[in-house]
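Here is the structure we will look at.
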Amino acid sequence: MKRFNKILALVLALAMMCGVVSICASAAADTTNAAYKIAFADNDGNPITSVAAGSTANVIVSMKTNGYSPCFAFMAIYDSVALTHIRQGGSAVQSLKPVNCAELQGFFKNTGNVENPSEDLIQHEDDEIGVGDIFDWGSAEPTATPHTDAMYPASFTDAQKAQFKCINFGYLANSGKTCLTVNTNGEFVAVVRFRFLANVDTELNSSVFYFNDDTTKTYITIDPDDEPFSNLQTSSPIAVSNLTVEYEGGVTPPPADPITVENITTQVQWQDKDAGKIRVAFRGNIKNYDLNLVDGSQTEIADISAMGVVYSKSNADPTIGGANCTDVNAWTIYDFTSGGYFFRAVVGNYGYDDTTTLYAKAYIVIDGQTIYAPSAMTTTGAQAYTAGLANGMSAK
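Numbering of the sequence shown is given in my numbering, commencing with residue 17 and proceeding in unit increments.
Written out as structure tokens, the structure is:
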């Protein structure tokens, strides 16, 4: 109880001194609620909602807690088609490294002693440790790491990897020193700033910069004992269970995963066994799609205007209207137990012993946009026939 009273007195003293807390405490550690906040600003610190091509934009990440956090981290994901991550003070694309990819803010950049600690905090250090030093948040030397392909979430598709890149940020209190761990006393405090160069005119929102919601990548932990010094903490920190991410001007969710199309297995059946002709069915899988039916209909899809398979015997990257390419439509989609929906388009009159490679790519046209599988699947008549035999089709 004696120590609690000293810490509470410290909060009051600091509130009177500066209003913004580098050293702070709460009556009880809140392991349920904490938040990150994302704000966009120009180079003068003014809030912005868009950026013109060729100009720079800054993303400022803040956090708030009501307990002492010895460890927190986040993985940021940004649209690399729209924005290029550049040096912390840069205006052009240059070599990017951990040492120059981010600028720490406020107390997070102070690697030395806390400035003007109160007598209560000094006494607490003297009672429990007696070294005489109290180091600020920045003595943990938080780390920021620019993108590497190893950072991609396991769920990312090839299309997402082509569009997005990542940044990792981590904070771990220095337990070898009397390091004051992070407690913002319920107020947002700036942590770090990232700078970007706009490749195109860009609206700045959660579609272009957001956090991975994997709790092993983005989290804030709290010491349940509410101990302010890292080298006195004895309990395992607890991950905040209701962590939120806010955007300046309101909370917005991260963008939905894009709709994608993937090729899946072929199927085969006899068309004319005596003539040695087979039908090869190519199947496509639509992922991240919510079925959208026409109002009042139980069967008619509102937003997909076409789907099927485009194939070629000579063009390894078949597209609708491409050279030597043939488009085969599909008319029905089916629920797919492994995720999403699938459809099937059939190529007929194909020789069972034909060894010519057939290149085929599934596609859909949704809201006027054509989405193809990332690459063509390949087969031959002979390969399809062999696969059919293995699945019980009668032999020629």
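A virtual CB, placed ideally from N, CA and C, is assigned to each residue, including glycine.
Roughly how far, in whole angstroms, is the beta-carbon of residue i from the beta-carbon of residue j, given that I think they are within contact range, below 8 Å?
i      : j      : result
Gly324 : Asp343 : 6 Å
Thr200 : Met79  : 7 Å
Ala175 : Pro390 : 7 Å
Thr335 : Cys341 : 6 Å
Phe56  : Ala118 : Not a contact, Cβ separation roughly 15 Å.
Pro162 : Pro240 : Contact doesn't hold; Cβ gap of about 34 Å is too wide.
Ala392 : Val284 : The Cβ separation is near 18 Å, so there is no contact.
Asp242 : Gly128 : 25 Å between Cβ atoms; not a contact.
Lys289 : Lys412 : 7 Å
Ala378 : Gly300 : 3 Å
Ala206 : Gly122 : 5 Å
Tyr357 : Tyr350 : 6 Å
Phe90  : Thr234 : 4 Å
Asp152 : Leu196 : 6 Å
Ser257 : Thr81  : No, Ser257 and Thr81 are not in contact; Cβ-Cβ is about 13 Å, not under 8 Å.
Tyr375 : Ala332 : 5 Å
Would you kindly report the start and end of the unbroken alpha helix (DSSP H) that includes residue i?
i      : result
Phe175 : The displayed chain sequence assigns Ala, not Phe, to residue 175. Here the alpha helix (DSSP H) through Ala175 covers Asp174 to Gln179.
Gln399 : Gly397 to Ala406
State the beta-bridge partners of residue i as determined by DSSP.
i      : result
Ala51  : Lys80 and Thr260
Asn201 : Paired residues: none, contrary to the question.
Lys125 : According to DSSP, Lys125 bridges with nothing at all.
Ala339 : In the DSSP output, where bridge partners are listed per residue, Ala339 has none listed.
Glu219 : Ser66
Met323 : Ile380
Asp351 : Tyr357
Thr429 : Outside the displayed range of the chain (17 to 412) lies residue 429, so it cannot be described from this structure.
Asn345 : Gly324
Met409 : The partner list for Met409 (beta bridge, DSSP) is empty, contrary to what the question assumes.
Leu196 : Phe245
Gly186 : Ala89 and Thr159
Asp315 : Before going further, note that residue 315 is Thr rather than Asp in the sequence given. DSSP lists no partner for Thr315.
Thr458 : It is not possible to answer for residue 458, since the shown part of the chain is limited to 17 through 412.
Val208 : Val77 and Leu120
Thr394 : Tyr375
Ala255 : Thr237
Ala57  : Pro63 and Asn74
With respect to the beta strand (DSSP E) encompassing residue i, which residues constitute its N-terminal and C-terminal limits?
i      : result
Tyr94  : Cys87 to Asp95
His101 : Leu99 to Ile102
Tyr366 : Tyr357 to Gly367
Leu374 : Leu374 to Ile382
Asn413 : In the structure displayed, the chain extends from 17 to 412; residue 413 sits before or after that span and is not available.
Gln285 : Thr276 to Asp288
Phe225 : Phe225 to Phe227
Gln249 : Note, Gln249: premise wrong, no beta strand (DSSP E); not H, not E.
Ile238 : Tyr235 to Ile238
Item to check | Runs of beta strand (DSSP E) lying entirely within the stretch 106 to 175, each at least 3 residues, in chain order | outcome: 159 to 161
Item to check | Segment contact, 8 Å Cβ cut-off, at least three pairs: the stretch 286 to 296 with the stretch 396 to 406 | outcome: yes
Checklist entry - Are there three or more Cβ pairs, one per stretch, closer than 8 Å when the stretch 275 to 284 is compared with the stretch 219 to 227? => result no
Checklist entry - Does the stretch 157 to 173 touch the stretch 182 to 189, meaning 3 or more C-beta pairs lie closer than 8 Å? => result yes
Next on the checklist: Would you call the stretch 220 to 238 in contact with the stretch 256 to 265, where contact means no fewer than 3 C-beta pairs closer than 8 Å?
Outcome noted: yes
Checklist entry - Is there contact between the stretch 129 to 142 and the stretch 87 to 105, where contact requires at least three CB pairs shorter than 8 Å? => result no
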